[in-house]
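First up is the structure itself, then whatever we jot down about it.
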Amino acid sequence: QQLSEDCNFWTIFSASLGLATLPDQPWNQLKQFNSLLTDLRLGSVDQAQLSGILEATVEVAIRKLRGQYPTPIELARLLVQLCMRNTAEDRILDPCCGSGTIVRAALEQKLNSNIAPNNVSASVFAGDQDPQAIQIATFALTKPSMMHMPLRLFQQDAFTLQPETQIDFRNPSNGTLFTEELGQFDAITSNLPFVAQAGRKQYGNAIQQVTESFGEDSPGLPGRADVAAYLPFSLRPLLKENGRLGIIITNAWLGTAWGDAFFNLLSKNYNLKSVITSGAGRWFQNSEVVTNILIMEKKEDPTQPSESTNFIVLTRPLEEMADNDAVEIAAAQIELAQTQNDTMTIRPVSPENMVRFRQYGLGGNAQFVNCDWVLDLPLVPLKSLFTIKRGERRGLNALFYPTGDHGIEREYIRPLAKSPSDFKCLLGSAGKEAFCCDRTEEVLEALGHSGALNWIARFNTEENVGKLGRNNTLWYQMDADTVSELVMSIAYGDRLFVARLDPPAFVDQRLIRLDQNEGVDIELCHALLNSTIGMFIIEGLGFGRGLGALDLNKDRIESYLHVLSPEGLEEDQITRIKDAFNPLTAREILGVADELEQVDRQNFDDVIIDVFNLSLLRNQLYDNLRSLVEIRLTANM
Numbered sequence: 287q288q289l290s291e292d293c294n295f296w297t298i299f300s301a302s303l304g305l306a307t308l309p310d311q312p313w314n315q316l317k318q319f320n321s322l323l324t325d326l327r328l329g330s331v332d333q334a335q336l337s338g339i340l341e342a343t344v345e346v347a348i349r350k351l352r353g354q355y356p357t358p359i360e361l362a363r364l365l366v367q368l369c370m371r372n373t374a375e376d377r378i379l380d381p382c383c384g385s386g387t388i389v390r391a392a393l394e395q396k397l398n399s400n401i402a403p404n405n406v407s408a409s410v411f412a413g414d415q416d417p418q419a420i421q422i423a424t425f426a427l428t429k430p431s432m433m434h435m436p437l438r439l440f441q442q443d444a445f446t447l448q449p450e451t452q453i454d455f456r457n458p459s460n461g462t463l464f465t466e467e468l469g470q471f472d473a474i475t476s477n478l479p480f481v482a483q484a485g486r487k488q489y490g491n492a493i494q495q496v497t498e499s500f501g502e503d504s505p506g507l508p509g510r511a512d513v514a515a516y517l518p519f520s521l522r523p524l525l526k527e528n529g530r531l532g533i534i535i536t537n538a539w540l541g542t543a544w545g546d547a548f549f550n551l552l553s554k555n556y557n558l559k560s561v562i563t564s565g566a567g568r569w570f571q572n573s574e575v576v577t578n579i580l581i582m583e584k585k586e587d588p589t590q591p592s593e594s595t596n597f598i599v600l601t602r603p604l605e606e607m608a609d610n611d612a613v614e615i616a617a618a619q620i621e622l623a624q625t626q627n628d629t630m631t632i633r634p635v636s637p638e639n640m641v642r643f644r645q646y647g648l649g650g651n652a653q654f655v656n657c658d659w660v661l662d663l664p665l666v667p668l669k670s671l672f673t674i675k676r677g678e679r680r681g682l683n684a685l686f687y688p689t690g691d692h693g694i695e696r697e698y699i700r701p702l703a704k705s706p707s708d709f710k711c712l713l714g715s716a717g718k719e720a721f722c723c724d725r726t727e728e729v730l731e732a733l734g735h736s737g738a739l740n741w742i743a744r745f746n747t748e749e750n751v752g753k754l755g756r757n758n759t760l761w762y763q764m765d766a767d768t769v770s771e772l773v774m775s776i777a778y779g780d781r782l783f784v785a786r787l788d789p790p791a792f793v794d795q796r797l798i799r800l801d802q803n804e805g806v807d808i809e810l811c812h813a814l815l816n817s818t819i820g821m822f823i824i825e826g827l828g829f830g831r832g833l834g835a836l837d838l839n840k841d842r843i844e845s846y847l848h849v850l851s852p853e854g855l856e857e858d859q860i861t862r863i864k865d866a867f868n869p870l871t872a873r874e875i876l877g878v879a880d881e882l883e884q885v886d887r888q889n890f891d892d893v894i895i896d897v898f899n900l901s902l903l904r905n906q907l908y909d910n911l912r913s914l915v916e917i918r919l920t921a922n923m
């Protein structure tokens, strides 16, 4: 108690189990720590240092489970500026405060606006389920002008918060307990936890409660949805009418099935005002997670029409928003949806157009660039032309994908396409080999095929036989008829392409097989898929991961991917497309930036635009694709 009276750190020095019986050594260490605190001006401690303390004191594995990744202070200030519209009067809450960066930004904005410290103390709230985070957040909120005023910090799971929740606080001087009803807030801002799937189990009850709140007629969120996707709906009762919610969330919602459901539910509960991403490197350098800021306002009536959403790309690094003036200017541009300089791009999208884009799976990532021209294209679903399947997953690659001088008879070897890096050209043969044998060992022995027998014997262990065994299939058997001619990637890098295999080959699980339906002109479809229009649609369908890869999957491709319709083209038009495409198949596949500089590529796209009688300008198309790919690739910076 004396420590708290001297230093105003009740959340740190409050009574804990066993504290009264501490041995001399840890007690002396605590007193030394107290001496350090009395010598420091904690209000001036850099937020990055406080965030570093949280990272250093919590194991990496635990932080991944809890989703604890401290927020850069520049991002926190921008988030607060966008959500706290009345600095003097707004009550603001960060329910997942971590090291306190966002709530510190809110507190400093109020103090810098000459709001009375007692009013600041009463209007800025922060909570977290982690006691260590609350202790470090206390450091973040320490200001000389607020000494001996209660900080509204509390330890509680964000999913359990309701307006009527009673929160216990302590007088910082004497530890006297007092209780306040949480109430409703004008603004809620938070860096939502990026919880790994391994940490999802602890939130099972909370997820179930949120799901039940959607109602029986709502499909809710898919099982793979991030835990953070449930929080905006759990926090909704805490917002006043037209209250503003600002969250930092993984960008996976832009290109996943759970993201589609998340958007649909958001549209019923909120007006999604802004979606903000970085075009100058990812914001969290201590994590491979790529994030967006979502700014939304609470709807009182789910049937209320939605407003337009602004998709915003910040084109300058966060470091250039280090001072408050820069943050205020950026926030004003976002709020007014008007750019005054080259620090950002802003694209408004009407709810009517959003509905149309989402039919093509392009309601997320693609919207950061001007792509309204897509809505005028003659498109058909890819699944109307091809059967779309994931590549082969047999297990034990060492057995099924032999390398080196394996000695297996050639009749048991088939060509194999294993990864996107295997493809140097749009048309070519598979560069690796697959072992494919449906004969029993007795038959192989009778035939004298010792190469295959010896190869099988190398892997004939009880574990392998048990793991690889299938009904009516030899444990070492891989079907010979699962070969494909066209393949796509599920993790594109700087090259966007659909490859054609000649001859058809086995395809590994890291690739997607496109098996043409009867009567489909595969040469024509190969060309259409590799047009720059096709490349743009592929890019817009996914989202960028932390190392710059485009995240796609078989289900999303099958559900949404569209291609220029080959139906109704005249023979001479088909010939023009194929002739213009052929030079591209004979050379190396280039990264998008270099690819769009090639004369044969430009000639090919000019033919596509002419044959389909499109009003689209080639340069506009190229600028859009370049920008979209650059946003993704800069996440690896």
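My numbering puts the sequence shown at residues 287 to 923. Every residue gets a Cβ at the ideal spot worked out from N, C-alpha and C, and that includes glycine. Note that the structure is predicted; figures quoted are calculated from it, not measured.
Residues near residue i in its chain [Cβ-Cβ closer than 8 Å; skip 5 each side]
i      : result
Asp807 : Pro852 and Ile860
Arg371 : Asp472, Ala473 and Arg530
Thr465 : Gln452, Ile453, Asp454 and Phe455
Leu682 : Phe745, Asn750, Lys753 and Leu754
Phe898 : Leu663, Pro664 and Leu850
Close Cβ partners of residue i (< 7 Å) along its chain, the five nearest in sequence each way excluded
i      : result
Asn740 : Gly693
Ala866 : Asn889, Phe890 and Val893
Glu731 : Leu739
Met284 : For residue 284 there is no data in the structure shown, the boundaries of the chain being 287 and 923.
Leu902 : Trp659 and Ile895
Ile348 : Reliability of the predicted coordinates at Ile348 is poor, the pLDDT of 44 falling under 50, and the value obtained from them is presented with this limitation in mind. None.
For residue j and residue i, the rounded distance between their alpha carbons
i      : j      : result
Leu525 : Pro637 : 23 Å
Val406 : Ser476 : 18 Å
Val849 : Phe425 : 55 Å
Arg352 : Asp788 : Summary for Arg352: the model assigns pLDDT 46, below 50, so the residue's position carries little reliability, and this model does not support an answer.
Asp609 : Glu583 : 27 Å
Lys350 : Arg510 : Legend: pLDDT at Lys350 = 43, less than 50; position of this residue unreliable, no value from coordinates given.
Gln452 : Pro523 : 15 Å
Thr307 : Pro436 : 28 Å
Ala612 : Pro403 : 25 Å
Leu316 : Met433 : 21 Å
Asp801 : Glu695 : 28 Å
Asn922 : Ile823 : 22 Å
Glu728 : Phe745 : 17 Å
Leu733 : Gly755 : 24 Å
Leu712 : Arg786 : 6 Å
Thr920 : Pro603 : 11 Å
Tyr516 : Gly805 : 46 Å
Asp858 : Gln795 : 38 Å
Ile535 : Thr689 : 43 Å
Leu368 : Ala623 : 12 Å
Ser715 : Ile699 : 14 Å
His812 : Asp880 : 21 Å
Asp512 : Ala872 : 43 Å
Beta-carbon spacing of residue i, residue j below 7 Å
i      : j      : result
Val576 : Gly832 : yes
Val655 : Ser913 : yes
Gly647 : Met640 : no
Gly541 : Ile581 : no
Thr818 : Leu907 : yes
Asn557 : Ser594 : no
Arg633 : Phe672 : no
Asn537 : Asn578 : yes
Val784 : Leu815 : yes
Cys657 : Asn910 : yes
For residue i: DSSP bridge partner residues
i      : result
His848 : Pro667
Tyr556 : Lys584
Arg676 : Ile798
Cys711 : Glu874
Gly461 : DSSP lists no partner for Gly461.
Met370 : DSSP, once it has assigned bridges, lists no residue as partnering Met370.
Gln452 : Glu467
Asp837 : Ala777 and Phe829
Arg786 : Leu713 and Leu772
Cut-off 6 Å between Cβ atoms - residues of its own chain near residue i, not counting five sequence neighbours on either side
i      : result
Asp837 : Gly828, Phe829 and Arg831
His735 : Glu695
Glu574 : Gly832
Minimum Cβ-Cβ distance from residue i to chain B less than 7 Å
i      : result
Val576 : This model lacks chain B altogether; it includes just one protein chain.
Any chance you could list the beta strand (DSSP E) runs of at least 3 consecutive residues sitting entirely within the region 578-640, in chain order? If you keep only unbroken beta strand (DSSP E) runs of at least 3 residues inside the region 578-640, you get 595-600 and 630-635.
In the region 396-421, which residue ranges form an unbroken alpha helix (DSSP H) of at least 4 residues, counting only runs that do not cross its ends? The DSSP assignment places complete alpha helix (DSSP H) segments of no fewer than 4 residues inside the region 396-421 at 403-409, in order along the chain.
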